[in-house]
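Enquirer: Take a look at the following structure, please.
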Amino acid sequence: MQINAIYPGTFDPITNGHLDIIARASKLYSKVIVAVAVNRGKTPLFTLEERVQMVESVTTEFTNIQVIGFDNLLVDCAKQQNATVILRGLRAVTDFEYEFQLAGMNRKLAPQLETMFLTPAEQYEFISSTMIREIAQLKGDVSCFVPVVVHQRLIKKFN
Ligand code: ADP
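Be aware that the sequence shown starts at 15, since it is given in this note's numbering, and climbs by one per residue.
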């Protein structure tokens, strides 16, 4: 049975934590669509094009990963992509409340979609894009938290 999953997020920028989730998901689903949100609620550091490009460049080793940008309702984007699973990552209990609410809302909007959660390896549990941006802005070393290309882009952005 072919099951396509959609993994939505801001990915501002993609971290080793996101990548760990993508690697796990690629083994579980026929296809994983990494859907990079425009996100009008936040003001991302990187443009949508930059964020999509970074995700693409660090996922080339996976044959069943597709990267898209999206600006519509997630459940509509999932339907357009023929995805039946919404994938989210759970780091700690602090993520739970928000993710639980989001999953409930998405179920109300589209009952046929299931939200599935994956947890990363423990060394990635504390990584967040927000912290990466803050540390990088203050010229801290984030090289062990993000892929090389992302590290280079961060250095360029803040120089
Ligand atoms: P959003 O703005 O939608 O939360 P993010 O890019 O911050 O977008 O996160 C996308 C998804 O990836 C979320 O489900 C988030 O919980 C998950 N995630 C973020 N960082 C990690 C990490 N270090 N390990 C596992 N999952 C993560």
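We treat Cβ as the ideally placed atom computed from N, Cα and C, and that holds for glycine.
#1: Taking the C-alpha atoms as reference points, what is the distance between valine 2 and threonine 61?
#2: Enumerated in chain order, which unbroken segments of the beta strand (DSSP E) with a length of 3 residues or greater are wholly contained in the segment 40 to 116?
#3: Alpha carbon to alpha carbon, what distance is there between phenylalanine 131 and glycine 118?
#4: Is aspartate 34 near ligand 1, with its Cβ less than 7 angstroms from a heavy atom?
#5: Tell whether a beta-carbon distance below 8 angstroms holds between arginine 105 and glutamate 139.
#6: Can the beta-carbon of isoleucine 82 be found less than 8 angstroms from the beta-carbon of alanine 49?
#7: May I ask you to check if the CB of arginine 105 is nearer than 7 angstroms to at least one heavy atom of ligand 1?
#8: In the DSSP output, which residue or residues are listed as bridge partners for leucine 168?
#9: Is the closest heavy atom of ligand 1 to the C-beta of serine 142 under 7 angstroms?
Expert: Let me lay it out:
#1: This structure leaves residue 2 out entirely; the chain is present only between 15 and 173.
#2: Taking only runs of at least 3 residues, the beta strand (DSSP E) segments lying wholly in the segment 40 to 116 are 45 to 51, 79 to 84 and 99 to 103.
#3: C-alpha separation (whole angstroms): 13 angstroms.
#4: Result yes, Cβ under 7 angstroms from ligand 1.
#5: Yes, the pair counts as a contact, with Cβ atoms nearer than the cut-off.
#6: Taking 8 angstroms as the Cβ cut-off, isoleucine 82 and alanine 49 qualify as a contacting pair.
#7: Remark: the C-beta of arginine 105 is in contact range of ligand 1, defined as less than 7 angstroms to any heavy atom.
#8: Partner(s): none; leucine 168 has no beta bridge.
#9: The answer is yes for serine 142.
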